[in-house]
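Under numbering that gives the first Met the number 0, residues 0 to 288 are what the sequence shown spells out, in order.
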Amino acid sequence: MHPEHEVEYEHDSAACESPFVSRPARLPFRPDPWLAGGAASHMSLTIEFIGTGDAFGSGGRFNTCFLVSSGSIRLLIDCGATSPVALQQRNLAPPALTHLVISHLHGDHFGGVPFLLLDAAYNRPRETRLRIAGPPGVERRVVDTLELLFPGTSGRVLPRVEPEFVELPARHRTQLDDVSITPFEVVHPSGAPAYGLRLEIAGRTIAYSGDTEWTPSLIDVADGADLFICECFGWETDVPSHLSHRVLCEHAAELRCRRMMLTHLGPEMLAHISDSRWPCLSDGLVVTI
Ligand SMILES: [Zn+2]
């Protein structure tokens, strides 16, 4: 792991609004530390931010994709349409992934999954079964998208890869191996329930807003989390189905997390990164909690 791009967090609440300097959007190629045998130390938990952009790739950022690593767990939160390219740029090999958790069924959050399945079927076979968890309808939407993009392939890809799809019921804790996932429905029309997520791994809680406008569900998502990753598309302007920095400031006292960092930055927010009350994530940043 490149120390220059690593941020280690201690659990002091006062640091919630500490100054923070965002890292460059692009990092040089580097060997994959876990495939090279340099896995994180016992019980450590890292989050590598593969993509922190909006649906439009504003600022040259990749679509949403976060890699959570702890022990033998290599879990992706979301995998947008541009995420397979971002993973390749960072020499992160999909065969090593153990879990994929999808917040909602928009292309910039799940559109890369058909490509990962195609990769596993024809390019880099998996040794273990990939478990894909998401909102109700996740399997149908992934298979339909695969068939739309590569007609006639789903009947060959799926038997080769045999992914296990897990539909997550809202406000219910689902245990997948050593990972607990609790989704909360948020407000973001996407043809299926859209979720904010709480993941409990190795004694830590990672919370993620998904995409949403303000909803009291975010209070539950963020409650006591070691790190709350929150979307912040806009700065002041109201954007339907999304959050702005202004709205987050209005509700800041309700978000009782230990740390909060912003992702899914749109053009207006990108222009105000230096003014942000909370640290803004960037592609390639690695956070240890
Ligand atoms: Zn969305």
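Beta carbons are placed, not taken as given, at the ideal position from N, Cα and C, and that holds for glycine.
Quick caveat, the model's predicted, so the values are computed rather than measured.
May I have the straight-line CA-CA distance separating residue i from residue j, to the nearest angstrom?
i	j	result
Pro162	Pro192	21 Å
Thr287	Ile46	6 Å
His241	Thr211	5 Å
Thr181	Gly223	14 Å
His271	Arg60	16 Å
Thr127	Ser275	41 Å
Thr204	Ala120	33 Å
Arg140	His105	10 Å
Phe55	Arg257	30 Å
Ala95	Leu66	11 Å
Asp316	Pro168	As displayed, the chain neither begins before 0 nor continues past 288, which places residue 316 out of reach and without an answer.
Pro135	Ala252	32 Å
Ala206	Ser189	20 Å
Cys248	Pro124	46 Å
Cys229	Leu44	19 Å
Glu138	Ile101	11 Å
Ser243	Gly58	17 Å
Just to confirm before moving on: does the CB-CB distance between residue i and residue j stay below 8 Å?
i	j	result
Met259	Phe232	no
Val156	Leu116	yes
His108	Thr63	yes
Val112	Leu99	yes
Ile200	Asp177	yes
Gly151	Gly110	no
Ser208	Gly195	yes
Ser153	Val160	no
Ser82	Ile49	yes
Leu261	Leu284	no
His250	His187	no
Phe183	Arg170	yes
Val238	Trp213	no
Thr97	Ile76	no
Ala221	Leu269	no
Pro158	Asp118	no
Along the chain, where does the alpha helix (DSSP H) that runs through residue i open and close?
i	result
Leu96	Premise fails: Leu96 is in no alpha helix (DSSP H) and is neither H nor E.
Gly106	106-109
Gly50	Premise fails: Gly50 lies in the beta strand (DSSP E), 45-50, not in any alpha helix (DSSP H).
Thr144	137-148
Gly133	Taken as a continuous stretch (DSSP letters only), Gly133 belongs to no alpha helix (DSSP H), being part of the beta strand (DSSP E) at 130-133.
Leu217	216-221
Note the first and the last residue of the continuous beta strand (DSSP E) segment covering residue i.
i	result
Val178	178-184
Thr63	It is not in any beta strand (DSSP E) - Thr63 carries neither H nor E in the DSSP assignment.
Cys229	226-230
Leu261	259-262
When a residue counts only if its C-beta is closer than 5 Å to some heavy atom of ligand 1, which residues count, in chain order? His105, Asp210
Touch check for the segment 211-218 and the segment 81-88: three-plus C-beta pairs under 8 Å? no
If we count Cβ pairs, one from each stretch, closer than 8 Å, do we get three or more for the segment 231-248 versus the segment 265-273? yes
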